[in-house]
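Have a look at the structure below, then the notes.
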Amino acid sequence: MYVLGISCFFHDAAAALVKDGVLVAAAEEERFTRKKHDYEFPMRAIEYVLAAEGVTAADLDHVAFFEKPFVKFERILMTSLQMFPRASRLFREAMVTWLLDKLWVSALIEERLGVPRAKILFSEHHLSHAASAFFCSPFDEAAILTVDGVGEWATATTGRGRGTEIQLDREIRFPHSIGLLYSTFTAFLGFEVNEGEYKVMGMAPYGSPRYVEDVRKLVRMAPDGSFRLNMEYFDFHRSTRLPYSRRFLSLFGEPRGMDESFFTERSGYPSYFGPRPADYTERTRRNQHYADLAASIQAVTEELVLNMARAAQRETGLRRLCLAGGVGLNSVANWKILRETGFEELYVHPAAGDSGGAVGAALYAYHTLLGKPRSFVMEHAFWGEAHDEAAVRAFLDGENIRYERLDDDRLLDRTVEALVAGQVVGWSQERFEWGPRALGHRSILADPRRADMKDIVNTKIKFREPYRPFAPSVLAPRVHDYFDAPGVERQYPARFMLLVTPVRESQYDVIPAVTHVDGTGRLQVVVREGNARYYDLIERFGQATGVPVVLNTSFNLRGEPIVNTPREAFATFQKSGLDALVLGNYFVRKDG
Ligand SMILES: [Fe+2]
Numbered sequence: 006m007y008v009l010g011i012s013c014f015f016h017d018a019a020a021a022l023v024k025d026g027v028l029v030a031a032a033e034e035e036r037f038t039r040k041k042h043d044y045e046f047p048m049r050a051i052e053y054v055l056a057a058e059g060v061t062a063a064d065l066d067h068v069a070f071f072e073k074p075f076v077k078f079e080r081i082l083m084t085s086l087q088m089f090p091r092a093s094r095l096f097r098e099a100m101v102t103w104l105l106d107k108l109w110v111s112a113l114i115e116e117r118l119g120v121p122r123a124k125i126l127f128s129e130h131h132l133s134h135a136a137s138a139f140f141c142s143p144f145d146e147a148a149i150l151t152v153d154g155v156g157e158w159a160t161a162t163t164g165r166g167r168g169t170e171i172q173l174d175r176e177i178r179f180p181h182s183i184g185l186l187y188s189t190f191t192a193f194l195g196f197e198v199n200e201g202e203y204k205v206m207g208m209a210p211y212g213s214p215r216y217v218e219d220v221r222k223l224v225r226m227a228p229d230g231s232f233r234l235n236m237e238y239f240d241f242h243r244s245t246r247l248p249y250s251r252r253f254l255s256l257f258g259e260p261r262g263m264d265e266s267f268f269t270e271r272s273g274y275p276s277y278f279g280p281r282p283a284d285y286t287e288r289t290r291r292n293q294h295y296a297d298l299a300a301s302i303q304a305v306t307e308e309l310v311l312n313m314a315r316a317a318q319r320e321t322g323l324r325r326l327c328l329a330g331g332v333g334l335n336s337v338a339n340w341k342i343l344r345e346t347g348f349e350e351l352y353v354h355p356a357a358g359d360s361g362g363a364v365g366a367a368l369y370a371y372h373t374l375l376g377k378p379r380s381f382v383m384e385h386a387f388w389g390e391a392h393d394e395a396a397v398r399a400f401l402d403g404e405n406i407r408y409e410r411l412d413d414d415r416l417l418d419r420t421v422e423a424l425v426a427g428q429v430v431g432w433s434q435e436r437f438e439w440g441p442r443a444l445g446h447r448s449i450l451a452d453p454r455r456a457d458m459k460d461i462v463n464t465k466i467k468f469r470e471p472y473r474p475f476a477p478s479v480l481a482p483r484v485h486d487y488f489d490a491p492g493v494e495r496q497y498p499a500r501f502m503l504l505v506t507p508v509r510e511s512q513y514d515v516i517p518a519v520t521h522v523d524g525t526g527r528l529q530v531v532v533r534e535g536n537a538r539y540y541d542l543i544e545r546f547g548q549a550t551g552v553p554v555v556l557n558t559s560f561n562l563r564g565e566p567i568v569n570t571p572r573e574a575f576a577t578f579q580k581s582g583l584d585a586l587v588l589g590n591y592f593v594r595k596d597g
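See the structure below:
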């Protein structure tokens, strides 16, 4: 039985194909259309997941959509009416978009895929999140926590999963939302909402949380895990422009300029920013204020999430937790959940945000709506498109690109030589990753032992702010040599780069390029199963250097989606300062 899951029209659109309860393919639309965070109907991703299995839409038994469009429409309608007339603009915009695109999902799916309406099933937004974590986890029974901006009405839910059933007992409703609270600060700090949340998280360790008391004025927490925002500080429920109100500004001052460069005394002024500005000291002082705010909102967010997780633990009495929703990507909070809430095991779906709803909806339909048994655990995140040897070769030959084809052993040696020589390598292998993290199939790799490597990678390719840390990929058996993170190798989110843990102090100088300013690292624990070539590469790097860790960042230029095809990988290689490119077994050098 084939079930196609679709998520779209809000954040990241995606499609997933499940065969007899087992995921066979999943991908985000942006990887095909090359439009970052593309949220349109994911036709290209659908075509891919069907092609990956060699079927057509006619072979589908069901199509599952990740939320209930009418319920969501009702929420937008109701909140708009309540706020009328202040919200009239929002109301008009919402009406037009929803009536044109979103409300008629069934009709659209029928029209685009030729699948009759009788085969189309609907999940609910937070049920899709919950299912994406629980039905992909190895747990037979677990507590469930979903936290995001907003779905239909819910912004956070807690409950439990057992076998093929998911029961969400409690929910918090719009406009009270941890995701929207965090996003309000994301916007205030000069970043794009739904994109800059990582930047806020990376900025936080440069600040001290001295505004925590002020941030707490915005939200009231209850002992039962719930919370309420004080809406006087917000405008996201009645404005499509700014999420914060005048009262918010009187508390926190002027917002930071959009994408203004960030540096503090601690970060220093990176060379790739160009010459030091004349008002360097003044801007350092201002940035420090914003870093302190980032630290404060991060701290309060952690309090809120931990408060909910503790309540879920108390209520269910269970030791395992499944977490999903955009806030599940807050890898700093995730590690604290494991340390401080009584849960011993955590599963976070690699695409914890809305794209993951495609997998969640398909599995929810299969198990809960259709009552079929479970037989799947998501052990890895490699569900995207692959390009075989013939395709790589045809591309390289077609473009007259000089390359060497190396056998597996030689390929690893050559790549390690390049890394040890201080080169930055584009590495593209097999199927691309599901979710926002590159995990060794579409990665840029470098030597983590060199303190200057952060600046080198930024200068050559990423051009990103100095506060955004690069991640370490470390072999599972060696993780404790470098990280002070008991039991981390048993936790699935560590495979998906969704935990930030302390680096051992003795190792700060050993892997400085992947140690964040506060002595932490967003590590990827690499297991060989499902990721053999990457594992072998790191192992070989360890044999050559004594350090089985590489610096791993996603294979893309700033502002672009992660590469998919050999052509995109090569274009990125050419446009950037990457020194070498590895496509399968093909090795391409810049000077070649
Ligand atoms: Fe969501």
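Sequential numbering from 6 applies to the sequence shown in my numbering. Don't be surprised by glycine CBs; every beta carbon is placed ideally from N, CA and C.
Please go through the same chain and pick out, in chain order, the residues whose beta-carbon is closer than 6 Å to the beta-carbon of residue 601, but skip the five residues on each side of it.
With the chain covering 6 to 597 only, the question about residue 601 has no answer from this structure.
List the whole-angstrom C-beta distance separating residue 221 from residue 152, where the pair is believed to meet the contact cut-off of C-beta under 8 Å.
Not really, about 18 Å apart at Cβ, beyond 8 Å.
Does ligand 1 have even one heavy atom less than 8 Å from the beta-carbon of residue 26?
No - ligand 1 has no heavy atom lying nearer than 8 Å to the Cβ of residue 26.
How many angstroms separate the CA atom of residue 10 from the CA atom of residue 23?
So the alpha carbons of these two residues sit roughly 8 Å apart.
What's the C-alpha gap between residue 596 and residue 407?
Distance between the alpha carbons of residue 596 and residue 407 is about 10 Å.
Is there at least one non-hydrogen atom of ligand 1 closer than 8 Å to the beta-carbon of residue 331?
The closest heavy atom of ligand 1 lies less than 8 Å from the beta carbon of residue 331.
Specify the secondary structure class of residue 439 as computed by DSSP and reduced to three states.
Three-state result, residue 439: coil.
Is residue 589 near ligand 1, with its Cβ less than 8 Å from a heavy atom?
It does not: the Cβ of residue 589 is nowhere closer than 8 Å to a heavy atom of ligand 1.
Can the beta-carbon of residue 41 be found closer than 9 Å to that of residue 445?
No, they are not a contact pair.
Can you tell me whether residue 20 is buried or exposed, with buried defined as 16 or more other CB within 10 angstroms of its CB?
Answer is buried; the Cβ neighbour count reaches 16.
Is it the case that the region 528-548 contacts the region 564-579, given that we only count it when at least three CB pairs across the two stretches are under 8 Å?
At 8 Å Cβ cutoff, the stretches do not touch.
Using a threshold of 8 Å, is the CB atom of residue 164 nearer than that to any non-hydrogen atom of ligand 1?
Distances from the CB of residue 164 to the heavy atoms of ligand 1 are all 8 Å or more.
Cβ-heavy atom distance between residue 154 and ligand 1 below 8 Å?
Under cutoff, so the answer is yes.
Between 387, 473, 512 and 502, which has its C-alpha nearest residue 489's C-alpha?
Closest option to residue 489, Cα to Cα, is 512.
By DSSP, does residue 566 sit in helix, in strand, or in coil?
Look at residue 566 here: in three-state DSSP terms it is coil, with no helix or strand label.
In the structure shown, what three-state DSSP assignment does residue 149 receive?
DSSP places residue 149 in strand when its eight states are reduced to three.
Is residue 230 near ligand 1, in the sense that its beta carbon is under 8 Å from a heavy atom of that ligand?
It does not: the Cβ of residue 230 is nowhere closer than 8 Å to a heavy atom of ligand 1.
Please list the segments of the beta strand (DSSP E) lying wholly inside the region 216-290, counting only runs of 3 or more residues, in order along the chain.
224-226 and 232-234, all fully within the region 216-290.
State the DSSP-derived secondary structure class of residue 292, mapped to helix, strand or coil.
Note: residue 292 maps to helix in three-state DSSP.
Quick check on the DSSP output: what are the complete alpha helix (DSSP H) runs of length 4 or more inside the region 317-353, in order along the chain?
The region 317-353 contains, as complete alpha helix (DSSP H) runs of 4+ residues, the segments 336-345 (chain order).
Assuming residue 403 is part of the alpha helix (DSSP H), what are its boundary residues?
Note, residue 403: alpha helix (DSSP H), 394-403.
Please report the distance separating the alpha-carbon of residue 332 from that of residue 405.
Within the model, the alpha-carbon separation for residue 332 versus residue 405 is close to 45 Å.
So what does DSSP say about residue 194, is it helix, strand or coil?
Coil, per DSSP.
If residue 542 sits next to residue 451, beta carbons under 8 Å apart, how far is it from one beta carbon to the other, in whole angstroms?
Taking 8 Å as the upper bound for CB-CB distance, residue 542 and residue 451 are not in contact here, some 13 Å apart.
Do you know offhand how far residue 354's Cα is from residue 282's?
Rounded to the nearest angstrom, the two C-alpha atoms are 43 Å apart.
Limits of the unbroken alpha helix (DSSP H) element including residue 138
130-139 is the extent of the alpha helix (DSSP H) around residue 138.
Quick check on DSSP: helix, strand or coil for residue 67?
Residue 67 falls in the strand class under three-state DSSP.
Under the criterion of a Cβ to heavy atom distance below 8 Å, does residue 134 qualify as lining ligand 1?
Yes, since a heavy atom of ligand 1 falls inside the 8 Å radius drawn around the Cβ of residue 134.
Going by alpha carbons, who is nearest to residue 276 out of 248, 327, 469 and 411?
Answer by Cα proximity: 469.
Continuous alpha helix (DSSP H) stretch holding residue 498: start and end:
Boundaries of the alpha helix (DSSP H) around residue 498: 497-500.
Burial state of residue 129, where buried means 16 or more other Cβ atoms lie within 10 Å:
Burial call: buried.
Does the region 497-512 come close enough to the region 337-348 to have 3 or more Cβ pairs within less than 8 Å?
Contact between the region 497-512 and the region 337-348 is present, because at least three Cβ pairs lie under 8 Å.
Just the C-alpha distance for residue 292 and residue 261, rounded to the nearest angstrom, thanks.
Spanning the two alpha carbons is a distance of roughly 8 Å.
Let's test the definition: count the other Cβ atoms within 10 Å of the Cβ of residue 90 and tell me whether it reaches 16, buried, or not, exposed.
Residue placement at residue 90 is poorly supported in this model, since its pLDDT is 47, which falls under 50; the coordinates are not used for a value here.
Using the C-alpha atoms, what's the distance from residue 536 back to residue 497?
Rounded to the nearest whole angstrom, the C-alpha separation of residue 497 and residue 536 is 14 Å.
If you run the structure through DSSP and keep just helix, strand and coil, what is residue 124?
Residue state, collapsed to three classes: helix.
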